[in-house]
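Enquirer:
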Amino acid sequence: MDILIDTLVSGLDPTLQQKITSDSELRDESKKYLQEMLLNTELLSTETYTTNTTTGRSSDRKRTLTEEIAELDEDQRKLGLKLISITNEKQDMIIDVSNDISLIRKRLDKDFNDVTNSMINTIGMSGSNNSHRFEVQRNDKLNSSIKSDSTILSNIDSVLDILELPTICRLCILQGNYQEALEVSMLVQSFTIRFPKISILNKILQQVQVELKQMVKGLVRLLNTNLKQNQIVKIFQILRRLDVLNGDIIGISETYGKVLDRGVKDKFLKLIFLNSRYKFIYSEIQNLQPLLSYSSLTYVKRVIQVFREHLFSSLTIYSAVFEGPHNLEKDNQFENDTMVSEFIQNIVLLLIEKIKIYFNDTVDTVDDVVKSQKDGIMLQLLYLCKSLSKFGVDFETIIIHELCYGKDNIIAEEDWLHNLAKLKRLRA
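224 is the number that the working numbering gives to position 199 of the sequence shown; each next residue is one higher, with no gaps.
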């Protein structure tokens, strides 16, 4: 078998000859294949068979060597035709690729050597006087930037925490944690003071200021609702720590707060408080409108009760919020009295307007029930006037002037004096 292999190998390609000669495993596989082929009589048979027989025996027989060679020749012919077809279709691309390969080969053979020799000659000049041309100067600015970037990357978690401060501030506000939101704003402000050249910190501060502005708007809207005294006190504690007077909303600590003009700032906060309380009382009066369909006198009576309750409450909260050690100066105290007086005057004028409209509908009646209701309303007015005496406020004169001696003469003077005497007897 070795003699047969050596004989057949001599007709192969030199590469295959070397591979079969050197690779014992491939040589053994070749021997095995030749052995099987020599033992297969049908494969070596030279008899011809027709291909259109349909008997089971002819379909099960093995193909002869001649048939296999013919089939391989047919496949080779088909592949050749396919290659010719592809070559014809892609001949332009083949030509271009061939030209590119030729150009690359030329550059590698000639130009590459020329460039390499030129570089070698240039480097050889390093010992001459022109060696300074190849020295790389130290770029301190670039090195500093690289070092800074490296520091940032090594502390990327802390950097991301700082970038999330506006979001944290917003979440604190949404959850009602206003003090924590102020702490976040003060932290960002301290960063901007410590690192004024870092522009990203200024942008973060601006985003926090936007969140604080929304917080202030929400707190002011909240003041227009029915809040308890401790809730209002907490809101103004927060507003005191914010620069709400200027366009910028910046959280300030107690130390920074001393620098601000407390008089101007407190005056602005008082205006916010009094305005919000007026809006709240007005909305409460508007909610009583359905009572008019039942009785106008009942409506007036309930209006006076609302004024008495919330006016007294507003002045009590005002005193608790703003009457502190820093508001005892004479000038500030005068401003406080002026603003409170204007607030009370507007409230009383609103009350008088309601009484004029709805109390006047039954002025001429002589019904004892209605007269009793009117007397009750006048007593409530007197109680309202006397209830604010502890604050040094007396608006009884305004009510008498508008209702007893006014143009419409809503309440008779003798009726007012009669109920005033009754009140004195009740208090005696």
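Beta carbons: idealized from backbone N, C-alpha and C, even for Gly.
Can at least three beta-carbon pairs, one atom from the segment 252-265 and one from the segment 313-320, be found at a separation below 8 Å?
Expert: Flag = no, the segment 252-265 and the segment 313-320 do not touch.
Enquirer: With a threshold of 8 Å, are at least 3 pairs of Cβ atoms found where one atom belongs to the segment 222-236 and the other to the segment 287-298?
Expert: No: the two stretches stay apart, fewer than three of their Cβ pairs being nearer than 8 Å.
Enquirer: What residue does the alpha helix (DSSP H) around Q234 start on, and which one ends it?
Expert: 224-248 is the span of the alpha helix (DSSP H), which, as asked, contains Q234.
Enquirer: To which residues does DSSP link L8 through a beta bridge?
Expert: Residue 8 is absent from the structure shown; the chain starts at 26 and stops at 453.
Enquirer: For the segment 363-382 against the segment 324-334, do three or more pairs of beta-carbon atoms, one drawn from each stretch, fall closer than 8 Å, so that the two count as touching?
Expert: Yes: at least three Cβ pairs fall under 8 Å.
Enquirer: Where does N25 fall in DSSP's three states?
Expert: With the chain running from 26 to 453 in the structure shown, residue 25 is simply not present.
Enquirer: Spatial neighbours of V209 within its chain, please: C-beta separation below 7 Å, excluding the five flanking residues on both sides.
Expert: Cβ within range, chain order: L190, I193, C194, C197, V233.
Enquirer: First and last residue of the alpha helix (DSSP H) that includes T422?
Expert: Looking at the DSSP string, the run of the alpha helix (DSSP H) that includes T422 is 421-428.
Enquirer: Looking at L244 and I263, is the spacing between their C-beta atoms short of 8 Å?
Expert: Yes, these two residues count as a Cβ contact at 8 Å.
Enquirer: Going by beta-carbon coordinates alone, are C429 and F420 separated by less than 8 Å?
Expert: No.
Enquirer: Since S412 contacts F337 with CB under 8 Å, what's their CB separation in whole angstroms?
Expert: The Cβ separation is near 6 Å, so the contact holds.
Enquirer: Just verifying my parser: in three-state terms, what is the DSSP assignment at K253?
Expert: The answer is coil: DSSP assigns K253 none of H, G, I, E or B.
Enquirer: At the level of alpha carbons, what is the spacing between N142 and D125?
Expert: Approximately 24 Å between the Cα atoms of the pair.
Enquirer: Tell me the rounded alpha-carbon separation between D136 and S123.
Expert: In a straight line, the C-alpha of D136 is about 19 Å away from that of S123.
Enquirer: Beta-carbon within less than 6 Å of E309's beta-carbon, same chain only, minus the 5 sequence neighbours each way: which residues are those?
Expert: The residues are V331.
Enquirer: Find the nearest neighbour of L212 within the set I229, N202, R450, judged by alpha-carbon distance.
Expert: Selected option, being the one with the closest Cα: I229.
Enquirer: Please state the DSSP three-state secondary structure of F384.
Expert: Of the three classes helix, strand and coil, the one that applies to F384 here is helix, per DSSP.
Enquirer: Hey, is E421's beta-carbon within less than 8 Å of any beta-carbon in chain D?
Expert: The structure shown has no chain D; it contains just one protein chain.
Enquirer: If the criterion is Cβ atoms closer than 8 Å, does the pair L51 and K44 meet it?
Expert: For L51 and K44, yes; Cβs fall inside 8 Å.
Enquirer: Determine the direct distance from the alpha carbon of S127 to that of D139, and round the result to whole angstroms.
Expert: Roughly 18 Å between the two C-alpha positions.
Enquirer: How about N444 and M403: do their beta carbons lie closer than 8 Å?
Expert: Result yes, Cβ atoms of N444 and M403 sit closer than 8 Å.
Enquirer: Count the other CB atoms within 10 Å of the CB of A206; is the residue buried (16 or more) or exposed (fewer)?
Expert: Buried, since its Cβ has 16 or more Cβ neighbours within 10 Å.
Enquirer: Could you check whether V365 and Y343 sit closer than 8 Å to each other, using their CB atoms as the reference points?
Expert: Result yes, Cβ atoms of Y343 and V365 sit closer than 8 Å.
Enquirer: May I have the straight-line CA-CA distance separating S414 from L340, to the nearest angstrom?
Expert: Taking the straight line joining both Cα atoms gives about 11 Å.
Enquirer: Name the residue from R266, K304, Q60 whose alpha carbon lies nearest to the alpha carbon of N27.
Expert: Strictly speaking, residue 27 in this sequence is Asp, with Asn absent from that position. Nearest option by C-alpha distance: Q60.
Enquirer: Considering only their Cβ atoms, is the gap separating N249 from K304 smaller than 8 Å?
Expert: A contact, by the Cβ cut-off of 8 Å.
Enquirer: Cα separation between F216 and L133?
Expert: If you take the alpha carbons of F216 and L133, they lie about 60 Å apart.
Enquirer: Just reading off the alpha helix (DSSP H) that M118 is part of, what are its end residues?
Expert: Looking at the DSSP string, the run of the alpha helix (DSSP H) that includes M118 is 116-131.
Enquirer: Can you give me the C-alpha to C-alpha distance between K131 and D121, rounded to a whole angstrom?
Expert: Looking at the two C-alpha atoms, the distance is approximately 15 Å.
Enquirer: For T13, count neighbouring Cβ atoms within 10 angstroms of its own Cβ and tell me buried if that reaches 16, exposed if not.
Expert: Any question about residue 13 goes unanswered here, given that the chain covers just 26 to 453.
Enquirer: Specify the secondary structure class of F220 as computed by DSSP and reduced to three states.
Expert: It is coil, neither helix nor strand.
Enquirer: Could you have a look at C89 and say whether DSSP puts it in helix, strand or coil?
Expert: As written in the sequence, residue 89 is Thr, which differs from the Cys given in the question. Looking at T89 - three-state DSSP - the assignment turns out to be coil, as it is neither helix nor strand.
Enquirer: Hey, would you say L448 sits closer than 8 Å to L407, going by beta carbons?
Expert: Yes, the Cβ-Cβ distance between L448 and L407 is below 8 Å.
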